[in-house]
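Novice:
Numbering (the numbering used here), first residue to last: -2 to 184.
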């Protein structure tokens, strides 16, 4: 009978331990879910940044094409002016210098646009690397989350079995108490 009481106490302690572990795993699971949500938000933010960067790049590409067309027009004007007669050349020298100056300015703008495109491409590459890293982290956290959930389910199953065993042992103990009472009454 003492042995049964000890077993019941042992099973109660085991249930307490399993319940405590289940609570810890539940807390750990919630923490992991919070981290996964945070990583998802970072991924969405990076995707938005990439979209903005792509729109900016398309706008810069359009500007670059427009500047290139303007340069070609200026070159054609310059060629037309320089192919004129010698008398007209003197009259158009100021115009040629102005066109050259404008052409130099356009070349500088084109170079600045190219540099800005290069910087945006570098930023995009970095953002893609960060995105890939975050996706790997999210996958890893998802795997951990699944593993913790499986462990929690297993612990719940063990807890349920332990509670069933305690119930059976309690029933047996009550039966033994009843038999003892009956044997005392018979004496």
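All C-beta atoms in this analysis are idealised placements derived from N, C-alpha and C, irrespective of residue type, glycine included.
1) Can you tell me whether residue 15 is buried or exposed, with buried defined as 16 or more other CB within 10 angstroms of its CB?
2) With distances taken Cα to Cα, identify the nearest neighbour of residue 1 among 175, 17, 169, 181.
3) Can you round the beta-carbon distance between residue 60 and residue 119 to whole angstroms, since I take them to be within the 8 Å contact cut?
4) Considering only their Cβ atoms, is the gap separating residue 53 from residue 107 smaller than 8 Å?
5) With distances taken Cα to Cα, identify the nearest neighbour of residue 215 among 3, 6, 22, 174.
6) Going by beta-carbon coordinates alone, are residue 131 and residue 32 separated by less than 8 Å?
7) Quick one: Cα of residue 185 to Cα of residue 34, how far?
8) Apart from the five residues on each side of it in sequence, which residues of its chain come closer than 7 Å, Cβ to Cβ, to residue 19?
9) Using beta-carbon positions only, say whether residue 121 and residue 47 come within less than 8 Å of one another.
10) What does the alpha-carbon distance come out to for the pair residue 164 and residue 182?
11) List, from N- to C-terminal side, the beta strand (DSSP E) runs of 3 residues or more that fit wholly inside the region 19 to 50.
12) What separation, rounded to the nearest whole angstrom, lies between the Cα atoms of residue 159 and residue 177?
13) Answer with buried or exposed for residue 10, where buried requires no fewer than 16 other C-beta atoms within 10 angstroms of its C-beta.
14) Take the Cβ of residue 36 as the centre, count every other Cβ of all protein chains shown within 10 Å, and call the residue buried at 16 or more, exposed below.
15) When the Cα of residue 8 is compared with those of 180, 44, 161, 175, which residue comes out closest?
Specialist: Per the coordinate set shown:
1) For the purposes of this step, residue 15 is taken as the residue at position 18 of the chain shown. Its Cβ being crowded by 16 or more others within 10 Å, residue 15 is buried.
2) Mapped onto the chain shown, residue 1 falls at position 4. Out of 175, 17, 169, 181, the CA that lies nearest to the CA of residue 1 is found in 169.
3) In the chain shown, residue 60 corresponds to position 63, counting from 1. In the chain shown, residue 119 corresponds to position 122, counting from 1. With a Cβ gap of about 19 Å, residue 60 and residue 119 do not count as contacting.
4) Counted from its first residue, the chain shown places residue 107 at position 110. Counted from its first residue, the chain shown places residue 53 at position 56. In this structure, residue 107 keeps its C-beta atom at 8 Å or more from the C-beta atom of residue 53.
5) In this structure the chain extends from -2 to 184, so residue 215 is not present and cannot be described.
6) Against the chain shown, residue 131 aligns to sequence position 134. Against the chain shown, residue 32 aligns to sequence position 35. The beta carbons of residue 131 and residue 32 sit no closer together than 8 Å.
7) Past the edges of the chain, shown from -2 to 184, lies residue 185, and the structure says nothing about it.
8) By one-based count along the chain shown, residue 19 stands at place 22. If we look at residue 19 and ignore the five residues flanking it on each side, its Cβ neighbours are 149, 152, 153, 156.
9) In the chain shown, the residue the question calls residue 121 occupies position 124. In the chain shown, the residue the question calls residue 47 occupies position 50. Yes, they are a contact pair.
10) Your numbering for residue 164 matches position 167 in the chain shown. Your numbering for residue 182 matches position 185 in the chain shown. Cα to Cα, the separation comes out at about 27 Å.
11) Fully enclosed beta strand (DSSP E) runs of no fewer than 3 residues are not present anywhere in the region 19 to 50.
12) Taking the chain shown and counting its residues from 1, one reaches residue 159 at position 162. Taking the chain shown and counting its residues from 1, one reaches residue 177 at position 180. Distance between the alpha carbons of residue 159 and residue 177: 26 Å.
13) As a position in the chain shown, residue 10 is number 13, starting the count at 1. So residue 10 ends up on the exposed side.
14) Counting from one through the chain shown, the residue named residue 36 turns up at place 39. Buried: at least 16 other Cβ atoms inside 10 Å.
15) Along the chain shown, one-based indexing puts residue 8 at 11. Cα-wise, what sits closest to residue 8 is 161.
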